[in-house]
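Novice:
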């Protein structure tokens with residue numbers, strides 16, 4: 001009888017500690033609620049062929065627009081893992097999407113004196129835009145530890161389908177309504 | 001002979017025209033540096049490129065693009081998300097607080113101090129006297145608060161919290177004279193008057209501008225939202241007049 005009581009108290013103690021631990025973990029960690037059923041989430045797009053082309057092309061559709069930059073009369077909007085959109089903003093009341101800067105595995109840029117500094121996976125590129133429109137690309141190999149953003153969607157605050165490395169390299173993200181995404185950023 | 005001249009002229013004109021056409025798509029004939037929104041991980045000035053990765057801060061010499069060199073790299077025992085620079089101070093937004101680094105010596109950035117908190121953090125901006133940091137913990141099971149923290153930097157070795165204001169789901173932010181603009185994603189955006197940081201007042205909110213981040217462009221704001229790129233003129237009272245929108 002005495003043993004039972006002790007055990008029961010012990011159980012109660014464990015229960016209380018566990019509960020406190022769970023609550024503490026819940027408050028302390030920034031873990032959102034999962035298993036929400038079908039909700040909007042980011043889904044990774046895996047590369048089928050590894051394009052290494054750094055080039056300026058005609059304007060492209062926005063797929064996963066992210067960060068913004070301003071350079072002279074231009075606005076750049078990053079396109080997750082692909083490069084950035086170029087917007088001619090000479091007239092802020094009527095900006096024109098004028099081209100796309102294709103840089104594989106790129107998520108972050110900075111520009112100085114017609115040179116675009118861009119991450120491309122583990123590498124840092126210095127891309128000089130020459131007066132004839134051609135590009136002089138200098139690649140510093142292996143400057144980054146894990147790629148600057150790793151395998152995360154373009155913007156925080158969204159659920160996403162966890163990345164499966166066996167499917168290839170993530171080159172972009174698209175929003176879809178999917179069942180119970182198990183990752184959040 | 002006249003015919004030949006004509007043909008030559010046409011060929012020449014065509015050559016010039018195609019040349020012009022090639023350049024009109026892109027004419028980066030500009031000097032200067034880019035500016036970025038508050039959720040950036042790269043910052044640049046006339047000499048240096050600053051980069052944060054998840055666990056590090058590095059500085060590159062960009063004086064000559066053909067001879068890019070890494071001057072320093074320091075490891076940061078935090079999860080770094082954003083980078084802001086003002087003068088010789090770098091402000092690192094991390095998931096557990098704002099970190100301040102002195103970069104007077106670019107070969108050896110030195111950790112100055114941190115302003116710590118327990119939940120997820122978003123970007124930080126500063127006017128030198130105060131740092132403004134948004135803290136978003138929406139969707140967490142603990143239901144923690146979403147706030148804007150104003151941090152006093154009069155002694156940067158010992159930053160202290162001046163005031164904290166509730167703001168639903170805050171993302172990027174930008175200072176514009178006496179106003180602070182805070183993006184709130186699905187919740188729109190808010191404009192605060194920060195003339196007196198201990199008594200910040202909300203000037204106006206825009207539910208329809210689902211702002212994520214901002215760049216100041218002269219008297220205008222460039223705003224990325226969940227649905228597109230918005231540009232707006234800022235009035236003397238801090239209110240916005242939308243100039244244009246490009247939908248995603």
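Residue numbers (full-length UniProt numbering), protein chains in the order written: chain A, 1 to 185; chain B, 1 to 248.
Note that the Cβ used here is the ideal one computed from N, Cα and C, for glycine as well.
The structure presented is a predicted model; accordingly, all values stated were derived computationally and were not measured.
Nearest chain A C-beta to residue 244 of chain B closer than 8 Å, yes or no?
Specialist: On the second chain, residue 244 of chain B is found 244 positions in, with the first residue counted as 1. It does; some Cβ of chain A falls within 8 Å.
Novice: Just the chain B side, please: which residues come within less than 8 Å of residue 145 of chain A by C-beta, in chain order?
Specialist: Here residue 145 of chain A corresponds to residue number 145 of the first chain, with the count starting at 1. Ordered by position in chain B, the residues that pass the 8 Å Cβ test against residue 145 of chain A are 53, 54, 55 and 56.
Novice: Check each candidate in B/214, B/235 and B/227 and name the one with the smallest Cα separation from residue 182 of chain B.
Specialist: By one-based count along the second chain, residue 182 of chain B stands at place 182. Taking only the C-alpha atoms, the option nearest residue 182 of chain B is B/214.
Novice: If you follow the beta strand (DSSP E) that residue 126 of chain A is in, where does it begin and where does it stop?
Specialist: Taking the first chain and counting its residues from 1, one reaches residue 126 of chain A at position 126. 123 to 129 is the extent of the beta strand (DSSP E) around residue 126 of chain A.
Novice: Taking C-beta pairs closer than 8 Å, name the residues in chain B that residue 94 of chain A reaches, listed in chain order.
Specialist: Within the first chain, residue 94 of chain A is the residue found at index 94, counting from 1. Here the neighbours are 244.
Novice: For the candidate residues B/97, B/101 and B/129, whose alpha-carbon lies nearest to that of residue 122 of chain B?
Specialist: Sequence index remark: in the second chain, residue 122 of chain B carries index 122 (1-based). With distances taken between Cα atoms, residue 122 of chain B lies closest to B/97.
Novice: Using a Cβ-Cβ cut-off of 8 Å, state whether residue 42 of chain B counts as contacting chain A.
Specialist: Here residue 42 of chain B refers to the residue found at position 42 when the second chain is read from its first residue. Chain A, which has a Cβ nearer than 8 Å to the Cβ of residue 42 of chain B, makes this yes.
Novice: Using the beta-carbon count (16 or more within 10 Å), is residue 141 of chain A buried or exposed?
Specialist: The residue you call residue 141 of chain A lines up with position 141 of the first chain. Burial call: exposed.
Novice: Rounded to whole angstroms, what is the Cα-Cα separation between residue 101 of chain A and residue 198 of chain B?
Specialist: As a working note, residue 101 of chain A is residue 101 in the first chain. As a working note, residue 198 of chain B is residue 198 in the second chain. One C-alpha to the other measures close to 44 Å.
Novice: Anything in chain A within Cβ reach of residue 248 of chain B, meaning under 7 Å, just list it in chain order.
Specialist: Along the second chain, read from residue 1 onward, the residue named residue 248 of chain B stands at position 248. Correct list: 62 and 65.
Novice: Within this structure, are the beta carbons of residue 118 of chain A and residue 129 of chain A separated by less than 8 Å?
Specialist: For this step, residue 118 of chain A is matched to residue 118 along the first chain. For this step, residue 129 of chain A is matched to residue 129 along the first chain. In this structure, residue 129 of chain A does not lie closer than 8 Å to residue 118 of chain A by Cβ.
Novice: Nearest to residue 172 of chain B by alpha carbon, out of B/83, B/77, B/100 and B/50?
Specialist: Taking the first residue of the second chain as 1, we reach residue 172 of chain B at position 172. For the residues B/83, B/77, B/100 and B/50, the minimum Cα distance to residue 172 of chain B belongs to B/83.
Novice: Within its chain, find whatever has a CB closer than 8 Å to the CB of residue 176 of chain B; leave out the 5 residues flanking it on each side and keep chain order.
Specialist: On the second chain, position 176 is the one that residue 176 of chain B refers to. If we look at residue 176 of chain B and ignore the five residues flanking it on each side, its Cβ neighbours are 216, 221, 234 and 238.
Novice: Note down, in chain order, every chain B residue with its Cβ under 9 Å from the Cβ of residue 111 of chain A.
Specialist: Here residue 111 of chain A corresponds to residue number 111 of the first chain, with the count starting at 1. Near residue 111 of chain A (Cβ distances below 9 Å), the residues of chain B are 28, 30, 32, 33, 34 and 44.
Novice: Counting only Cβ pairs nearer than 7 Å, list the residues of chain B close to residue 140 of chain A.
Specialist: In the first chain, residue 140 of chain A corresponds to position 140, counting from 1. Per Cβ cutoff of 7 Å: 68.
Novice: Any beta carbon from chain B within less than 8 Å of residue 71 of chain A's own beta carbon?
Specialist: Working through the first chain from its first residue, we reach residue 71 of chain A at position 71. Yes, residue 71 of chain A lies at the interface with chain B (some Cβ there is under 8 Å from its Cβ).
Novice: How would you list, in chain order, the residues of chain A whose beta-carbon sits under 8 Å from the beta-carbon of residue 237 of chain B?
Specialist: On the second chain, position 237 is the one that residue 237 of chain B refers to. None at all; the shortest Cβ gap to chain A is about 20 Å.
Novice: Under 8 Å, Cβ to Cβ, is there at least one residue of chain C near residue 104 of chain B?
Specialist: In the structure shown, chain C does not exist; the protein chains are A and B.
Novice: Can you say whether residue 166 of chain B is buried or exposed, counting buried as having 16 or more other CB atoms within 10 angstroms of its CB?
Specialist: Counting from 1 along the second chain, the entry for residue 166 of chain B is found at position 166. Its Cβ having fewer than 16 others within 10 Å, residue 166 of chain B is exposed.
Novice: Which residues in chain B have a C-beta closer than 7 Å to the C-beta of residue 128 of chain A? List them in chain order.
Specialist: By 1-based counting over the first chain, the position of residue 128 of chain A is 128. Correct list: 65.
Novice: Between residue 39 of chain A and chain B, is any beta-carbon pair separated by less than 8 Å?
Specialist: What you label residue 39 of chain A is simply residue 39 of the first chain in a count that begins at 1. Cβ-Cβ to chain B under 8 Å: no for residue 39 of chain A.
Novice: Counting Cβ pairs, one atom from each stretch, are 3 or more of them under 8 Å apart for the segment 29 to 45 of chain A and the segment 175 to 184 of chain A?
Specialist: yes
Novice: Taking only beta-carbon positions, decide if residue 93 of chain B is within less than 8 Å of chain A.
Specialist: By 1-based counting over the second chain, the position of residue 93 of chain B is 93. So, not an interface residue.
Novice: With a threshold of 6 Å on Cβ separation, who are the neighbours of residue 23 of chain B within its own chain once the five nearest residues in sequence on each side are excluded?
Specialist: Here the question's residue 23 of chain B lines up with position 23 in the second chain. Below a pLDDT of 50, predicted positions are generally treated as unreliable, and residue 23 of chain B, at 41, falls in that range; the measurement from the model is reported next regardless. No residues qualify anywhere along the chain.
Novice: Kindly identify the DSSP beta-bridge partner or partners of residue 245 of chain B.
Specialist: Stepping through the second chain from its first residue, residue 245 of chain B is reached at position 245. Paired residues: B/230.
Novice: So residue 84 of chain B is in the beta strand (DSSP E); what residue range does that whole segment cover?
Specialist: Taking the second chain and counting its residues from 1, one reaches residue 84 of chain B at position 84. 80 to 86 is the extent of the beta strand (DSSP E) around residue 84 of chain B.
Novice: Between B/223, B/228 and B/47, which lies nearest to residue 107 of chain B when the distance is taken from Cα to Cα?
Specialist: Sequence index remark: in the second chain, residue 107 of chain B carries index 107 (1-based). Residue 107 of chain B has its Cα closest to that of B/47, out of B/223, B/228 and B/47.
Novice: For residue 110 of chain A, which of helix, strand or coil comes out of DSSP?
Specialist: Position 110 of the first chain holds residue 110 of chain A. If DSSP states are grouped into helix, strand and coil, residue 110 of chain A belongs with the strands.
Novice: Looking only at its chain, what residues have a beta carbon closer than 8 Å to the beta carbon of residue 78 of chain B, apart from the 5 residues adjacent to it on each side?
Specialist: Start at 1 with the first residue of the second chain, and residue 78 of chain B comes out as number 78. Excluding sequence neighbours, residue 78 of chain B sits near 55, 92, 94, 95, 96, 97 and 99.
Novice: By DSSP, does residue 167 of chain A sit in helix, in strand, or in coil?
Specialist: The residue labelled residue 167 of chain A in the question sits at position 167 within the first chain. Residue 167 of chain A falls in the helix class under three-state DSSP.
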